[in-house]
Amino acid sequence: MTRFLLFLMMILVGASCFNEPDCIVTATSSIKIDFKQTKTDKTTLLKSVVDSALILNYVKVTGIDTSYLKNKTTATVTLPINPKTNTITYYLFRQSKSGATSRLDSIQFSFAEESRVIAPKCGAYTFFLDLKVVQTSFSQTQYKITSTRLLKNTTNVQVYF
């Protein structure tokens, strides 16, 4: 009988912890871009996609006066959007594959926003979605949108070099 009462008390205490809403927000106001490279195995002739580190001189974002990622070698960039507009353009000043010259690549995105109330006690949050490439210096085969929603820890675009 005491075990049953103890078990019942544990259930009641545990159930009381679930009255508060989970205010976990997965939305972000950044676009994550991964740089990739297609490699062919010489013996099996199978193609695989691997991370490709780029040497970035710097990255400029329209509407923001700051330069990002100055003189960095990276395979992934996470860049901010301007929530006041529905388009954003990134200019990537990078070293060419030979390393001798600088090269300018650009990519412009459009997106929509949606406000959601997760729970009354949490309030409203803005989610950014419907990510699309409007214009780019990359060819159609050089990029792929992997997620149209801007969420934490999610790659939105893969760019192939």
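Residue numbers 1471 to 1631, in the working numbering, belong to the letters of the sequence shown in order. In this text, a Cβ means the ideal position worked out from N, Cα and C, and glycines have one as well.
The C-alpha of Tyr1613 lies about 18 Å from the C-alpha of Leu1599.
Segment contact: the segment 1537-1544 against the segment 1569-1579, fewer than three CB-CB distances shorter than 8 Å; contact not assigned.
DSSP places Thr1611 within a helical segment (H, G or I) once states are collapsed to three.
When beta bridges are read from the DSSP output, Arg1573 appears opposite Arg1564. Taking C-beta separations shorter than 8 Å and ignoring five residues to either side along the sequence, the partners of Thr1625 in its chain run Lys1502, Ile1503, Asp1504, Thr1546, Thr1616, Ser1617, following chain order.
For Arg1619, the three-state secondary structure derived from DSSP is coil. Taking C-beta atoms under 8 Å as the contact rule, Val1529 and Tyr1560 qualify, at a distance of about 6 Å.
Across the structure, Thr1536 and Thr1606 are spaced so that their CA atoms are roughly 21 Å apart.
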